[in-house]
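Everything on this sheet refers to the single structure shown next.
There are 2 protein chains.
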Amino acid sequence: MGRWEPGALGRMQQAAFELYAERGFEQTTVADIAERAGLTERTFFRHFADKREVLFFGSESLVDLFTTTIIDAPADATPLQAITAALEAAGPLFDERRAGAVLRQSIISANTPLMERELMKMAKLTTAVAAALRTRGLGELAASVTADLCVGIFTISFQRWILPSNPQAFGDHVHQALAELAAITAAP
Amino acid sequence: MGRWEPGALGRMQQAAFELYAERGFEQTTVADIAERAGLTERTFFRHFADKREVLFFGSESLVDLFTTTIIDAPADATPLQAITAALEAAGPLFDERRAGAVLRQSIISANTPLMERELMKMAKLTTAVAAALRTRGLGELAASVTADLCVGIFTISFQRWILPSNPQAFGDHVHQALAELAAITAAP
DNA sequence: ACACCAATGTCAGCCACTGTCATCATGTAG
DNA sequence: CTACATGATGACAGTGGCTGACATTGGTGT
Numbered sequence: 084m085g086r087w088e089p090g091a092l093g094r095m096q097q098a099a100f101e102l103y104a105e106r107g108f109e110q111t112t113v114a115d116i117a118e119r120a121g122l123t124e125r126t127f128f129r130h131f132a133d134k135r136e137v138l139f140f141g142s143e144s145l146v147d148l149f150t151t152t153i154i155d156a157p158a159d160a161t162p163l164q165a166i167t168a169a170l171e172a173a174g175p176l177f178d179e180r181r182a183g184a185v186l187r188q189s190i191i192s193a194n195t196p197l198m199e200r201e202l203m204k205m206a207k208l209t210t211a212v213a214a215a216l217r218t219r220g221l222g223e224l225a226a227s228v229t230a231d232l233c234v235g236i237f238t239i240s241f242q243r244w245i246l247p248s249n250p251q252a253f254g255d256h257v258h259q260a261l262a263e264l265a266a267i268t269a270a271p
Numbered sequence: 084m085g086r087w088e089p090g091a092l093g094r095m096q097q098a099a100f101e102l103y104a105e106r107g108f109e110q111t112t113v114a115d116i117a118e119r120a121g122l123t124e125r126t127f128f129r130h131f132a133d134k135r136e137v138l139f140f141g142s143e144s145l146v147d148l149f150t151t152t153i154i155d156a157p158a159d160a161t162p163l164q165a166i167t168a169a170l171e172a173a174g175p176l177f178d179e180r181r182a183g184a185v186l187r188q189s190i191i192s193a194n195t196p197l198m199e200r201e202l203m204k205m206a207k208l209t210t211a212v213a214a215a216l217r218t219r220g221l222g223e224l225a226a227s228v229t230a231d232l233c234v235g236i237f238t239i240s241f242q243r244w245i246l247p248s249n250p251q252a253f254g255d256h257v258h259q260a261l262a263e264l265a266a267i268t269a270a271p
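Chains as they are written, first to last, in this note's numbering: chain S, 84 to 271; chain R, 84 to 271.
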């Protein structure tokens with residue numbers, strides 16, 4: 084399916100990852116990435132929408148995991164139970180690739196443009212979760228609030244899971260955050 | 084305090100606003116904005132960090148309102164009550180400038196880069212709210228979760244307040260969202 | 001009068017990103 | 001076996017966001 088060395092996309096992904104980690108995101112030009120991958124700048128933009136997107140390639144799988152888990156949750160599960168199931172399902176996915184996640188996140192949090200892109204992905208995740216919840220018969224407002232809760236808990240859990248001082252499983256952080264949520268919203 | 088026409092920043096802000104509304108964000112160059120304001124492209128970048136920031140100038144006031152309201156809340160108020168006070172305090176600020184807010188939001192939601200910047204502002208708001216809650220003696224995790232709740236409720240309320248089909252006060256939307264939150268998190 | 005200052009102008013340049021056309025190995029039809 | 005269609009890549013020119021360096025200018029303080 085091509086006469087050139089296969090895996091052009093993967094090579095550029097790895098080259099970008101390395102260069103961003105070595106000298107930083109801003110200090111890396113797209114031409115640098117393409118050169119290390121043995122390709123052209125133009126080819127880079129045929130595979131990735133922009134210089135940032137290369138770091139987020141494959142993040143749709145998380146969206147899929149969340150939505151399918153929510154949709155497949157028992158019909159009698161409450162909205163909170165449905166998103167809890169989704170958050171728990173994501174646990175192993177993260178625990179398996181902790182090292183990579185830490186490196187990736189250190190690159191992202193060091194650069195504002197990358198943070199902006201990450202926030203956009205989270206916003207899309209929220210929309211997708213809300214849509215999944217609506218398929219369970221939830222109203223629009225309830226779905227929005229629950230979806231925001233879900234992604235909020237996810238984000239907070241992830242931030243704490245990344246810290247070297249908290250070497251716990253991702254699921255543990257999720258349960259701690261959920262417990263806090265329950266405490267905060269408990270009627271006084 | 085200057086020999087040139089005063090209010091350079093305001094003129095560029097208005098010019099940008101008009102042009103973004105007339106022909107769209109992408110179709111407007113910074114040179115266009117500067118020309119309409121009677122200034123130079125270079126001067127634009129002396130006042131605004133980038134082409135997007137001109138639409139977000141002055142958004143620190145919302146952060147201030149939230150943080151001060153939370154810090155000044157009664158010492159015996161629960162975290163939920165503190166953020167409720169902040170959300171209620173923001174009501175009048177929005178109801179007064181509904182038309183402008185609608186136009187601004189229509190520009191922002193039409194362009195991905197602008198959405199990304201807006202999400203970044205919301206993330207910073209979340210951080211600020213969490214810091215304010217921590218001054219009330221709240222733990223880190225509880226502060227993070229509550230802050231996320233606060234900005235989440237705010238975002239959802241704002242989205243619904245903007246819709247032409249829901250001509251209610253901002254505070255009403257806040258209370259509806261808070262009621263949903265209570266229903267969702269109520270122990271079964 | 002003089003030096004100083006703060007906001008703007010001018011100019012050159014980098015780099016992200018795009019449109020367009022040429023190129024070339026592979027698969028397939030003839 | 002040849003010819004052509006195909007899809008990925010190369011080559012090249014161009015736009016526009018953004019920055020650095022230096023000059024300009026009119027008001028301010030001494």
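Glycine is no exception: its CB is placed at the ideal position from the N, C-alpha and C atoms.
Once the 5 residues before and after residue i are set aside, which same chain residues still bring their CB inside 8 Å of it?
i                  : result
Lys-207 of chain S : Val-146
Leu-197 of chain S : Phe-108, Arg-135, Leu-138, Ile-190, Ile-191
Phe-177 of chain S : Ala-184, Phe-241, Trp-244, Phe-253
Ala-160 of chain R : Ala-168
Ile-342 of chain R : Outside the modelled stretch of chain R, which goes from 84 to 271, sits residue 342 of chain R, for which no answer is possible.
Leu-148 of chain S : Ala-169, Ala-172, Ala-173, Leu-176
Going along chain R, which residues have a C-beta under 7 Å from residue i?
i                  : result
Leu-163 of chain S : Ile-267, Thr-268
List the residues of chain R whose Cβ lies closer than 8 Å to the Cβ of residue i, in chain order.
i                  : result
Phe-225 of chain S : It should be pointed out that residue 225 of chain S corresponds to Ala in this sequence rather than to Phe. By Cβ distance, chain R contributes Glu-263, Ala-266, Ile-267.
Ala-206 of chain S : Met-198, Leu-202
So, for residue i: in the same chain, excluding its five sequence neighbours on each side, which residues have a beta-carbon less than 6 Å away from its beta-carbon?
i                  : result
Met-205 of chain S : Val-234
Ala-156 of chain R : Ala-165, Ala-168
Arg-219 of chain S : none
His-256 of chain R : Ser-240, Arg-243, Trp-244
Arg-94 of chain S  : Ala-120
Thr-150 of chain S : Ala-211, Ala-215
Glu-88 of chain R  : none
Exposed or buried, which one is residue i when buried takes at least 16 other CB atoms within 10 Å?
i                  : result
Asp-231 of chain R : buried
Ala-211 of chain S : buried
Ala-158 of chain S : exposed
Thr-111 of chain S : buried
Arg-200 of chain R : buried
Ala-132 of chain S : exposed
Ala-223 of chain S : The sequence shown places Glu at residue 223 of chain S, not Ala. It counts as exposed.
Arg-187 of chain R : buried
Ala-165 of chain R : buried
Leu-122 of chain S : buried
Ala-120 of chain S : buried
Leu-246 of chain S : exposed
Glu-60 of chain R  : Limits of chain R in this structure are 84 at one end and 271 at the other, which puts residue 60 of chain R out of reach.
Glu-263 of chain R : buried
Ala-98 of chain S  : buried
Ser-227 of chain R : buried
Ala-269 of chain S : exposed
Ala-117 of chain R : buried
Ala-260 of chain S : buried
Ala-182 of chain S : exposed
Ala-266 of chain R : exposed
Anything in chain S within Cβ reach of residue i, meaning under 8 Å, just list it in chain order.
i                  : result
Gly-235 of chain R : Val-228, Asp-231, Leu-232, Gly-235
Quick one: residues in its chain with C-beta nearer than 7 Å to the C-beta of residue i, no 5 flanking neighbours on either side, listed in chain order?
i                  : result
Pro-162 of chain S : Leu-216, Leu-221, Ala-225, Thr-229
Leu-92 of chain R  : His-130
Thr-152 of chain S : Ala-168, Ala-169, Ala-172
Val-113 of chain S : Glu-124, Phe-127, Lys-134
Gly-141 of chain S : none
Asp-115 of chain R : Leu-102
Ala-213 of chain R : Ala-226, Ser-227, Ala-230
Original post:
the region 175 to 199 of chain S: which residues have C-beta closer than 8 Å to a C-beta of chain R, in chain order?
Top reply: Thr-195, Met-198, Glu-199
Subject >> Under 7 Å (Cβ pairs) to chain S, residues found in the region 240 to 264 of chain R >> reply: Gln-259, Ala-260, Glu-263, Leu-264
Subject >> Members of the region 147 to 163 of chain R that neighbour chain S once the beta carbon cut-off is set at 9 Å >> reply: Thr-161, Pro-162, Leu-163
Original post:
Which runs of the alpha helix (DSSP H) spanning at least 4 residues fall entirely within the region 171 to 233 of chain R, listed in chain order?
Top reply: 181 to 192, 195 to 218
**OP:** Pick out the complete alpha helix (DSSP H) segments inside the region 104 to 176 of chain R, 4 residues or longer, and give them in chain order.
**Re:** 113 to 120, 124 to 130, 143 to 154
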